[in-house]
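Asker: In the working numbering, the protein residues as written are 5 to 332.
Heads up, the beta-carbon is just placed ideally off N, CA and C, and yes, glycines get one too.
A quick note: this is a predicted structure, and the numbers were derived from the prediction, not measured.
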Amino acid sequence: MNKEYLNKITNADCLEHLKKLEKETIDLFLSDIPYGICLDDWDVLHNNTNSALLGTSPAQNGKSGFKRRGKPINGWSSADRNIGKEYEQWCYNWASLVFPTMKQGASAFVFGARRTLHRVINAFENSGFLLKDVLAWKKPSAHHRAQRLNNVLENRGLKKELKEWEGWRLGNLAPIYEPIAWFFKPYKITITDNILKNKVGAINVEECKINGASPTNLLEFGYAKNEIRIHEAQKPLALVEFLIKLTTKENQIILDPFMGSGTTAVAVVKLGRQFIGFETNLDYYEKSLERLKIKEPKYKVSEDLIQAQLFFEKAAQYKKRNNQESRI
Ligand SMILES: C[S@@+](CC[C@H](N)C(=O)[O-])C[C@H]1O[C@@H](n2cnc3c(N)ncnc32)[C@H](O)[C@@H]1O
Numbered sequence: 005m006n007k008e009y010l011n012k013i014t015n016a017d018c019l020e021h022l023k024k025l026e027k028e029t030i031d032l033f034l035s036d037i038p039y040g041i042c043l044d045d046w047d048v049l050h051n052n053t054n055s056a057l058l059g060t061s062p063a064q065n066g067k068s069g070f071k072r073r074g075k076p077i078n079g080w081s082s083a084d085r086n087i088g089k090e091y092e093q094w095c096y097n098w099a100s101l102v103f104p105t106m107k108q109g110a111s112a113f114v115f116g117a118r119r120t121l122h123r124v125i126n127a128f129e130n131s132g133f134l135l136k137d138v139l140a141w142k143k144p145s146a147h148h149r150a151q152r153l154n155n156v157l158e159n160r161g162l163k164k165e166l167k168e169w170e171g172w173r174l175g176n177l178a179p180i181y182e183p184i185a186w187f188f189k190p191y192k193i194t195i196t197d198n199i200l201k202n203k204v205g206a207i208n209v210e211e212c213k214i215n216g217a218s219p220t221n222l223l224e225f226g227y228a229k230n231e232i233r234i235h236e237a238q239k240p241l242a243l244v245e246f247l248i249k250l251t252t253k254e255n256q257i258i259l260d261p262f263m264g265s266g267t268t269a270v271a272v273v274k275l276g277r278q279f280i281g282f283e284t285n286l287d288y289y290e291k292s293l294e295r296l297k298i299k300e301p302k303y304k305v306s307e308d309l310i311q312a313q314l315f316f317e318k319a320a321q322y323k324k325r326n327n328q329e330s331r332i
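Right, here's the structure in full:
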């Protein structure tokens, strides 16, 4: 039941717990899920054991760029071609458990990779969700390398070809945006009747204006100067806050089964909502609790109490501070 999970990050595999959540109780699903691009061990979601994955082949020794890139996009074997299908199945395994927990009309924001998001969309649609839009998060910067083709040709001693390929490069354009799929759970009545009944399904544009203008589906958010950076895939707090404010009211419940460094939990606490979260990695879990300023995270005994108490203390602090600020 939800009480066991409310306002705490549970250090466990979400697949074992999602089925225990109460039906039709979640007001928003918001998660930066593993993208299935082999970024790290937690992002390898298929049975392919090719040694080049995560830079473990001898040829990749000491080559950090190659290591992070993992493998060529076109794949090296038939097993590589299954990576996408197996990632989709993994997404379906948990998305189909999330679907019953959501209120009708509730939104689901799923961060994904440009190359694998279609798999997530298939898994969510097959679980019962409908796709509303694909938002673009414009990042403050992008890692990018596109090698000059002429440098490669020169290294190969192909002088004759240099003129023809002047200005051409190997690679792609600077990947400056990441997609966020926006789904909703279908409802059986009209949208307005559903909003009145379930309190979800509308968007709070007034609260989310950017420089006085209504937001568009291009979201430009960066990290605050003093924002603690823990996770290699960490998302800016301001971006997550924006999505929460856009679709929920105070006290409503946000589910994030892939918490990482706890960005969603921090945003939720700041905005006076409630959360349910999971994270398998003990290190990230502990760091996320530190981010939430919870002591002795290793001890499970009084964790519920500590977390609930902290949640309400923080919510009260923020509320007080916001009230003071709005009076200035
Ligand atoms: C992309 S990261 C989330 C980063 C997060 N948005 C942040 O700002 O820190 C995804 C996280 O999901 C966790 N994870 C992967 N599989 C999981 C599972 N089955 N249950 C719970 N957590 C899981 C990984 O350990 C990883 O930290």
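Considering only residues of the same chain and omitting the five flanking positions on each side of A16, which have a CB-CB separation below 7 Å?
Answerer: F282, T284, listed in sequence order.
Asker: Going by the C-beta, is W169 closer than 7 Å to any heavy atom of ligand 3?
Answerer: Ligands in the displayed structure: ligand 1; ligand 3 is not one of them.
Asker: Give the C-beta separation of Q108 and N202 to the nearest angstrom, bearing in mind that I take them to be a contact with Cβ-Cβ under 8 Å.
Answerer: Confirmed, Cβ separation roughly 6 Å.
Asker: Please return the same chain residues whose Cβ sits closer than 7 Å to the Cβ of D137, not counting the five positions on each side in sequence.
Answerer: Contacts found: W186, N221.
Asker: Give a single yes or no on whether C18 has its beta carbon closer than 7 Å to a heavy atom of ligand 1.
Answerer: Yes, ligand 1 has a heavy atom inside 7 Å of this Cβ.
Asker: Less than 8 Å separating the beta-carbons of A117 and Y39?
Answerer: Closer than 8 Å, so yes.
Asker: List the DSSP bridge partners of S111.
Answerer: Partner(s): L32, F188.
Asker: Give me the Cα-Cα distance between P355 and P190, rounded to the nearest whole angstrom.
Answerer: No answer is possible for residue 355: it lies beyond the span of the chain, which begins at 5 and ends at 332.
Asker: Going residue by residue through the stretch 112-145, where are the continuous beta strand (DSSP E) segments of at least 3 residues, counting only ones entirely within it?
Answerer: Listed in chain order, they are 134-142.
Asker: By alpha-carbon positions, which one of G226, L19, H122 ends up nearest to I180?
Answerer: Nearest of G226, L19, H122 to I180, Cα basis: G226.
Asker: Could you tell me whether the Cβ atoms of L25 and T251 are closer together than 8 Å?
Answerer: No, they are not a contact pair.
Asker: Shortest alpha-carbon distance to G88 belongs to which of T120, S218, S82?
Answerer: Comparing Cα positions, the closest option is T120.
Asker: Secondary structure at D17, three-state DSSP: helix, strand or coil?
Answerer: In this structure, D17 counts as coil in the three-state DSSP scheme.
Asker: Using the beta-carbon count (16 or more within 10 Å), is Q278 buried or exposed?
Answerer: Counting Cβ neighbours within 10 Å, Q278 comes out buried, since at least 16 surround it.
Asker: Any heavy atom of ligand 1 closer than 7 Å to the beta-carbon of Q238?
Answerer: It does: the Cβ of Q238 is within 7 Å (strictly closer) of some heavy atom of ligand 1.
Asker: Give the list of continuous beta strand (DSSP E) stretches no shorter than 3 residues that lie fully inside the stretch 221-274.
Answerer: Taking only runs of at least 3 residues, the beta strand (DSSP E) segments lying wholly in the stretch 221-274 are 222-224, 257-260.
Asker: Can you tell me the Cβ-Cβ gap for A99 and F128, rounded? I've got them flagged as a contact below 8 Å.
Answerer: Right, the Cβ-Cβ distance comes to about 5 Å (below 8 Å), so this counts as a contact.
Asker: Are the beta-carbon atoms belonging to N208 and K249 less than 8 Å from one another?
Answerer: Going by C-beta atoms, N208 is nearer than 8 Å to K249.
Asker: With distance defined between alpha-carbon atoms, name the residue in S82, A83, L49 nearest to Y96.
Answerer: Y96 has its Cα closest to that of L49, out of S82, A83, L49.
Asker: If I follow the unbroken beta strand (DSSP E) through I280, where does it start and stop?
Answerer: It spans 278-282 - the beta strand (DSSP E) in which I280 sits, taken as one unbroken run.
Asker: How is the alpha helix (DSSP H) around D84 delimited, first residue to last?
Answerer: It spans 82-85 - the alpha helix (DSSP H) in which D84 sits, taken as one unbroken run.
Asker: Helix or strand or just coil, what does DSSP make of K12?
Answerer: Looking at K12 - three-state DSSP - the assignment turns out to be strand.
Asker: Just how far apart, CA to CA, sit N159 and E224?
Answerer: In a straight line, the C-alpha of N159 is about 40 Å away from that of E224.
Asker: I want to check one thing, is the minimum distance from the CB of H50 to the heavy atoms of ligand 1 below 7 Å?
Answerer: Answer for H50: no, Cβ out of range of ligand 1.
Asker: Tell me whether S265 counts as near ligand 1, meaning its Cβ is closer than 7 Å to at least one heavy atom of that ligand.
Answerer: Yes, the beta carbon of S265 sits closer than 7 Å to at least one heavy atom of ligand 1.
Asker: Report the three-state DSSP secondary structure of A99 (helix, strand or coil).
Answerer: Note: A99 maps to helix in three-state DSSP.
Asker: Whole angstroms is fine: what's the gap from C42's alpha carbon to A112's?
Answerer: So the two alpha carbons sit approximately 24 Å from each other.
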